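Same order as they appear, the protein sequences are chains A and B. Counting from 1 along the first sequence, just add 2 to a position and that's the residue number in this note's numbering. Counting from 1 along the second sequence, just add 2 to a position and that's the residue number in this note's numbering. What follows is one structure encoded as structure tokens, with my remarks underneath.
There are 2 protein chains.
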Amino acid sequence: MRGRSFSPKDSFVEAYLGPEPCALGPSAAGSSTPYPRVSWQDLSIVNRQSEQTMDYRAPQTDMRFVLHEVLKVADHYQQFGMDDPPGEDLINAVVEEGAKFCEQVLLPLNRSGDEEGCHIEDGVVTTPKGFKDAFDQFVENGWSGLTSPTEFGGQGLPESVGVAIKEMIDSCNLSWGCYPLLSHGASEALKHHGEPWQREAFLRPIVEGRWTGTMCLTEPHSGSDLGLLRTKAEPQADGSYAITGTKIFITGGEQDLSENIVHLVLARISDAPSGTKGISMFVVPKFKVDQQGAMGERNEVSCGSIEHKMGLKASATCVMNFDGAQGWLIGPPNKGLNCMFTMMNTARLAVGIQGLGLIEITYQNALAYAKDRLQMRSLSGPKYPDKPADPIIVHPDIRRMLLTQRAFAEGGRVLSFEAALLVDTSERHADAEVRAEADAQLGILTPIIKALLTEMAVECTYHGVQTLGGHGYIAEWGQEQLARDARITTIYEGTTQIQALDLLGRKVMGGKGQALGTLIEKVTANCSAAEAHEPLKAAAARMQETAADWAALTQEVAKRAMADADEVGAAAVDYLFLSGYILVGDALLRSALVAQQAHIDAKLRDGKQALLNFYVDRILPRVGQHAASIRAGGKSLTALPESMFDAA
Amino acid sequence: MRGRSFSPKDSFVEAYLGPEPCALGPSAAGSSTPYPRVSWQDLSIVNRQSEQTMDYRAPQTDMRFVLHEVLKVADHYQQFGMDDPPGEDLINAVVEEGAKFCEQVLLPLNRSGDEEGCHIEDGVVTTPKGFKDAFDQFVENGWSGLTSPTEFGGQGLPESVGVAIKEMIDSCNLSWGCYPLLSHGASEALKHHGEPWQREAFLRPIVEGRWTGTMCLTEPHSGSDLGLLRTKAEPQADGSYAITGTKIFITGGEQDLSENIVHLVLARISDAPSGTKGISMFVVPKFKVDQQGAMGERNEVSCGSIEHKMGLKASATCVMNFDGAQGWLIGPPNKGLNCMFTMMNTARLAVGIQGLGLIEITYQNALAYAKDRLQMRSLSGPKYPDKPADPIIVHPDIRRMLLTQRAFAEGGRVLSFEAALLVDTSERHADAEVRAEADAQLGILTPIIKALLTEMAVECTYHGVQTLGGHGYIAEWGQEQLARDARITTIYEGTTQIQALDLLGRKVMGGKGQALGTLIEKVTANCSAAEAHEPLKAAAARMQETAADWAALTQEVAKRAMADADEVGAAAVDYLFLSGYILVGDALLRSALVAQQAHIDAKLRDGKQALLNFYVDRILPRVGQHAASIRAGGKSLTALPESMFDAA
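The structure is reproduced here in structure tokens:
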């Protein structure tokens, strides 16, 4: 290459790079343009550090667009045989009220909750100041039973309405949101597998918000591998079981928000088979409850300690000791994992939505900073010559980071709201075949949404911190808390690795490619529809190619896996990312297509188009990297003897 | 795709996926293999939480390999005209002593330092327990002046020896390492630009470790853009200046380790031009120092507060108030940025080495966990049938995460040690032309090493946390601290974005492609040399293709930038990553090639080969993604009106 120099015009180099030497590379030189001296007050950024809350407004316009224009949820509800299916106006009103609660009550408690954290003394856990009041308001306003069955005091609204509320809660206060989230999981288990008295005794008070729930799975030696768990359950004369063992990482295992706490515990009945086939599920309340639902004395379950964590500090993560605690079997003996399985999709989607909520707020906060922070001039000349420097949003790489966040917020919203609609369809649709098909699609989307949106939350909160620079790293701005909070989401409720094995092993290969085939057909059809619209044509063609390679690649992996099961493990994570990036692209393509309709606001339409263009140019190329890694096969990972990992 | 199902043999599906439904996807099913019940004591992992320090042994074998086999530093030193150039044995002895200090003194203080943090009361900053003792030992053992000039009491060793010590310090205690790091920067400035009395008065006590130094650049409204800074310097009758202003993010601005603190401060002399052309550099000691070097009364400089940060908590990040403090001009007036520029390469390399240190320790810690933690069975059948489950290192994706960390540790070590050798060559070589060429190569490598190794530290500490799962997120294991500490490294000393503009704008385009051309030629030559060795042939061919495209892509970007300066900003970060991934690949290729020599240990040779194969299969495909993003151009970023970033 020597000798083939670029020969830029010297005047360009000077204008662009400034006089050498310069402290901070070319960019600093932009500011050598003369500008009037300004007082501190002119730089609004300086005074912002005293503010306590972050920039966040619930994205109601986009939520309405997704719910009513892209997904047309109200039309679907008409087919659910509901007495009074919710229409657009009701849905919008619910979202609006939820937005107020989240913005006004939860958001102001997010940083203070992180700073204060949870405390334990003599087994009593105290949540941060304001958390109990916020929970009381949540319950009083009926949010705890929003999507719960009406026969137990809930409001019976579809999950695809509830998901919007969840997203806003997770944006405003991820830690606080964990308490109702886990209650929801316990409700689901009781609803599907509880005996009538158990549902009356345990489910109703949870729906009413008087009690909360937990999920007690993990033990010190048994995390992703539940087959290793050892907590014991001994049958008692009264039909109950005595539960003995230690559970760790129990979210909300102890707290001061609710009158009683209902633990759903996985344990082994005496002489049960080893491994996953000998696990049963029990309900173990903090205060004993008899079969008439009367609350009695304290049960033999206690919180031994709480974890000191990287983030999510206002959510109490408890070590729970069960010392012969009274528990009641839920579902058939030794079928605990089957019972757990029924709530897996909703629980995993809920964590995916945590990712979405974090992506939305990191975008909004980073955007506000980027528009406000004056630093350097645009490389193509001053954009705000009357200011001492341009706002950093003029710099292309700041824009790249912002648009990455926005793409996963808006694309992720379509994907996860659609999955919630599939939950509704799979549970409520009149036609069994439609229910089954929805369930199959949900099965394939769930691990992708869970893993991709949480991984993107990690990436996007990274971009948020980077956009704020040094200010992103200090606590005052709240941005670093988002990054710390986000970090757990790729781990709990099944790591990204577990989701990837679920997707490729169980859902794609185990399902013999049927559900995947349907999904790829849909993506292909969306591309064809979009190609008819000139502004979308190029993007749709790129997406079309990518989808075709997705199908081919899946065949290749399946073939290799027949010969060597380890090839599944070697390909799974790349396969999940590849699938996820395609589906987010599809979501943005569909959004841009729907936005072409005449009644859509021009700014929204232009925004969807711009986001699609950005995504195809800048994010979709990631698919090629994952495809190449998959095609390289697993040999470079698996052929290595274990001893080779040690230093020479 | 429907109808083209994969038709795996049912027996395979059953063996692989286990009986449906299963709680945690296919992988959990592996554990349904019967195994004997074990007691808690059999699971060594359970007892590890009480340990306080992390798994770390200084990678001395690999350091020796890099220094002596790959770089042959001692041969280079022969050309520096040193009185007594250090040979292999001396270098190894220095590294060994450094390893002991880091492992035994610094590592045990890392977690306690993070937990305790720094405190401030009435302007007095206290570092965590043990930090002062460790600093005293560091000074007593002569480490503070290891690479400083002998005429000021230093040991005069080359930077390419010092870099090994730096890496180990940064692995063991990044926060503690910041104190001597900043002293080093101040020494460099004084060495190159100080008047003789200033060097005697300020440099000697820093070299001796009695005093420390800081760099005071950033102000609240002036971060990446130093042109905006406002701190004032008024000339005094005695030849000194009265410095007034507020500096933020000052590492070690106040602390309890040293007798005096020497601040190097950027400020504007009254009536200096605005922007970057009116900035001067001053030395401002905490206690005044006269021209005879005598320390006097307290100067008018004080610490107003310290920051609460995401990590690096044991490093005091100070707001420093200068209220007419006595300062002395360093270098010519209005040339402060030029002076700063001379120490930029070493300071930025030092931060890149922080990234390297973090990558090495996260690898070691995650590896120890992965070998110890029993969870699930290998998909291809139990590997440790006598244990209740296999160690998680059998899972391909755990291996992918581990090898990613190792690849950037070992490849990054070659790159950054080589850069340190270029520093030495550019300063000490007898031949001016060789010095100039080394300087040009250093100029192009510095932003790549700084940005890539810190970005990879963020990624690799992510992998470390992910490998440990829930245990990665809690403080006991130390892994989450590494992730928090790493997060600042892509920001301070110039963000990744600033490095990228420096690389593409100044070093590649500003240098008309000359230095880059030389670098690409070297990579190409390395590929050709490696292709002659059968085991390296395929990898070398892949690298060769990639290097060719690097050259082509550079031409394309340069052409586009001629038409629109914003194209540089749009391409720069992708260009930096692309260049970095190629150079790490080249470093691993060279290592594998050197390891082919007969006298090299077989395990080391096989390890280098395996790491190269992994890298080419799994990491090098990232280059394609970045190339595609660059080729897409900047339009999707820059054409967007600013108002489009707001919600519709």
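Where is the CB? At the ideal position from N, CA and C, for every residue including glycine. As the structure is a computational prediction, the values presented were derived from the model and not from experiment.
_Given 8 Å, three or more beta-carbon pairs between the region 160-175 of chain B and the region 99-106 of chain B_ = As far as the Cβ criterion goes, the region 160-175 of chain B touches the region 99-106 of chain B, which means the pair count is three or higher.
*Consult DSSP for A:H628 and reduce its assignment to one of helix, strand or coil.*
The residue labelled residue 628 of chain A in the question sits at position 626 within the first sequence. If DSSP states are grouped into helix, strand and coil, A:H628 belongs with the helices.
_When you compare the CB of B:I122 with every CB in chain A, is at least one pair closer than 7 Å?_
Translated into the one-based positions of the second sequence, residue 122 of chain B becomes position 120. Interface annotation, B:I122: not in contact with chain A, CB-CB separation never under 7 Å.
*By the criterion of Cβ-Cβ separation under 7 Å, what are the contact partners of B:M646 in chain A?*
Residue mapping note: residue 646 of chain B aligns to position 644 of the second sequence, counting from 1. Those within 7 Å of B:M646 in chain A are D608, G609 and A612.
*Interface positions of the region 620-632 of chain B facing chain A (Cβ-Cβ less than 7 Å), listed along the chain*: Residues R620, P623, R624, G626, Q627, A630 and S631.
*So with Cβ pairs under 7 Å, would you call B:K539 a contact of chain A?*
Locating residue 539 of chain B in the second sequence gives position 537, counting from the first residue. At least 7 Å separates the CB of B:K539 from every CB of chain A.
*Indicate whether at least one CB of chain B lies closer than 7 Å to the CB of A:N336.*
Against the first sequence, residue 336 of chain A aligns to sequence position 334. Put simply, the CB of A:N336 is far from chain B, with every gap to its CB atoms at 7 Å or more.
_Can you pull the chain A neighbours of B:V575, defined as C-beta to C-beta under 8 Å?_
The residue labelled residue 575 of chain B in the question sits at position 573 within the second sequence. Within chain A, D399 and R402 have C-beta atoms less than 8 Å from the C-beta of B:V575, given in sequence order.
*Scan the region 226-240 of chain B for residues whose Cβ lies nearer than 9 Å to a Cβ of chain A and list them as they occur along the chain.*
Taking 9 Å as the Cβ-Cβ cut-off against chain A, the residues of the region 226-240 of chain B that qualify are S226, D227, L228, G229, L230 and R232.
_As an exercise, report each continuous alpha helix (DSSP H) stretch of at least 4 residues that is fully enclosed by the region 331-409 of chain A, in chain order._
Secondary structure within the region 331-409 of chain A: the alpha helix (DSSP H) runs of 4 or more consecutive residues, fully enclosed, are 338-344 and 346-374 (chain order).
_DSSP state of B:C174 mapped onto helix, strand, coil_ = Counting from one through the second sequence, the residue named residue 174 of chain B turns up at place 172. When secondary structure is reduced to three states using DSSP, B:C174 falls in the helix class.
*What's the gap between the Cα of A:G326 and the Cα of A:E236?*
Position 324 of the first sequence, counted from the first residue, corresponds to residue 326 of chain A. Position 234 of the first sequence, counted from the first residue, corresponds to residue 236 of chain A. Distance between the alpha carbons of A:G326 and A:E236: 8 Å.
_Proximity below 7 Å, CB of B:E495 to CB of B:V586_ = Taking the second sequence and counting its residues from 1, one reaches residue 495 of chain B at position 493. Taking the second sequence and counting its residues from 1, one reaches residue 586 of chain B at position 584. In this structure, the beta-carbon distance from B:E495 to B:V586 does not fall below 7 Å.
*asked:* Counting only Cβ pairs nearer than 7 Å, list the residues of chain A close to B:N615.
replied: Your numbering for residue 615 of chain B matches position 613 in the second sequence. Close to B:N615, with beta-carbon spacing below 7 Å, are these residues of chain A in chain order: S638.
*Counting only the same chain and skipping the five closest in sequence on each side, list residues whose C-beta sits under 8 Å from that of A:S317.*
Within the first sequence, residue 317 of chain A is the residue found at index 315, counting from 1. Once the five neighbours on either side are set aside, the close Cβ partners of A:S317 are C120, L176, S177, W178, C180, Y181, T253 and G254.
_Selected residue, minimal CA-CA separation from A:T233, among A:E644, A:H601, A:V267 and A:V510_ = Start at 1 with the first residue of the first sequence, and residue 233 of chain A comes out as number 231. Considering only alpha carbons, the answer is A:V267.
*Just grab the DSSP bridge partners of A:H121 for me.*
Along the first sequence, read from residue 1 onward, the residue named residue 121 of chain A stands at position 119. Answer is A:T128, bridged to A:H121.
*Pick helix, strand or coil for A:M269, following the three-state DSSP scheme.*
If you number the first sequence from 1, residue 269 of chain A lands on position 267. The sequence given here has Ala at residue 269 of chain A, not Met. In the displayed model, A:A269 falls within a strand according to three-state DSSP.
*Span of the beta strand (DSSP E) around A:M312*: Working through the first sequence from its first residue, we reach residue 312 of chain A at position 310. According to the DSSP assignment, A:M312 belongs to no beta strand (DSSP E), since it is labelled neither H nor E.
*If you follow the beta strand (DSSP E) that B:M217 is part of, which residue opens it and which one closes it?*
Along the second sequence, read from residue 1 onward, the residue named residue 217 of chain B stands at position 215. Looking at the DSSP string, the run of the beta strand (DSSP E) that includes B:M217 is W213 to C218.
*C-beta neighbour in chain B for A:K605, strict 7 Å*: For the purposes of this step, residue 605 of chain A is taken as the residue at position 603 of the first sequence. For A:K605, the nearest beta carbon of chain B is closer than 7 Å to its own beta carbon.
*Can you give me the start and stop residues for the beta strand (DSSP E) that A:R300 sits inside?*
Reading the first sequence from its first residue, position 298 is the one you call residue 300 of chain A. Run containing A:R300: M297 to R300, per the beta strand (DSSP E) assignment.
*Thinking just about the alpha-carbon of each residue, which of A:R620, A:S638, A:V209 and A:A641 is nearest to the one in B:L639?*
Mapped onto the second sequence, residue 639 of chain B falls at position 637. Checked all of A:R620, A:S638, A:V209 and A:A641; the closest Cα to B:L639 is A:R620.
*Answer yes or no: does any C-beta atom of chain A fall closer than 7 Å to that of B:G215?*
In the second sequence, counting from the first residue as 1, residue 215 of chain B sits at position 213. No, B:G215 lies away from the interface with chain A (no Cβ there is under 7 Å from its Cβ).
*How long is the line joining the alpha carbons of B:T456 and A:C320, rounded to whole angstroms?*
If you number the second sequence from 1, residue 456 of chain B lands on position 454. If you number the first sequence from 1, residue 320 of chain A lands on position 318. Near 34 Å, if we compare the C-alpha coordinates of A:C320 and B:T456.
*Check whether A:A440 and A:L424 have beta carbons under 7 Å apart*: The count along the first sequence starts at 1 and reaches residue 440 of chain A at position 438. The count along the first sequence starts at 1 and reaches residue 424 of chain A at position 422. In contact: A:A440 and A:L424 (Cβ atoms closer than 7 Å).
_Host alpha helix (DSSP H) of B:I93 (start-end)_ = For the purposes of this step, residue 93 of chain B is identified with residue 91 of the second sequence, where counting begins at 1. Boundaries of the alpha helix (DSSP H) around B:I93: E90 to F103.
*Whose Cβ in chain A lies nearer than 7 Å to the Cβ of B:I476?*
Position 474 of the second sequence, counted from the first residue, corresponds to residue 476 of chain B. By Cβ distance, chain A contributes E309, H310 and K311.
*CB contact flag (A:Q481, A:V467, <7 Å)*: Working through the first sequence from its first residue, we reach residue 481 of chain A at position 479. Working through the first sequence from its first residue, we reach residue 467 of chain A at position 465. A contact, by the Cβ cut-off of 7 Å.
_Check for me: the beta strand (DSSP E) holding B:G306 runs from which residue to which?_
Locating residue 306 of chain B in the second sequence gives position 304, counting from the first residue. Per DSSP, B:G306 belongs to the beta strand (DSSP E) from V303 to I308.
*Listing by chain order, which chain A residues have their CB less than 8 Å from the CB of B:Q328?*
To locate residue 328 of chain B, count along the second sequence from 1; it is residue 326. None at all; the shortest Cβ gap to chain A is about 24 Å.
*Cβ of B:S114 within 7 Å of any chain A Cβ*: Numbered from its first residue, the second sequence carries residue 114 of chain B at position 112. Closer than 7 Å: no.
*For A:V436, count neighbouring C-beta atoms within 10 Å of its own C-beta (all shown protein chains included) and say buried if the count is 16 or more, exposed if not.*
Locating residue 436 of chain A in the first sequence gives position 434, where the first residue counts as 1. Exposed is the call here.
*Taking the CB atoms as reference points, tell me whether A:Y451 and A:S418 lie closer together than 7 Å.*
By one-based count along the first sequence, residue 451 of chain A stands at place 449. By one-based count along the first sequence, residue 418 of chain A stands at place 416. First, the amino acid is wrong: residue 451 of chain A is Ile here, not Tyr. Yes, Cβ-Cβ distance for A:I451 and A:S418 is below 7 Å.
*Pull up the CB-CB distance for B:L613 and B:L590, whole angstroms please, since I reckon it's below 8 Å.*
Here the question's residue 613 of chain B lines up with position 611 in the second sequence. Here the question's residue 590 of chain B lines up with position 588 in the second sequence. Taking the Cβ atoms as the reference, B:L613 lies roughly 6 Å from B:L590, within the contact range of under 8 Å.
*Who are the Cβ neighbours of A:F67 in its own chain at under 6 Å, not counting the five residues just before and after it?*
Counted from its first residue, the first sequence places residue 67 of chain A at position 65. Contacts found: none.
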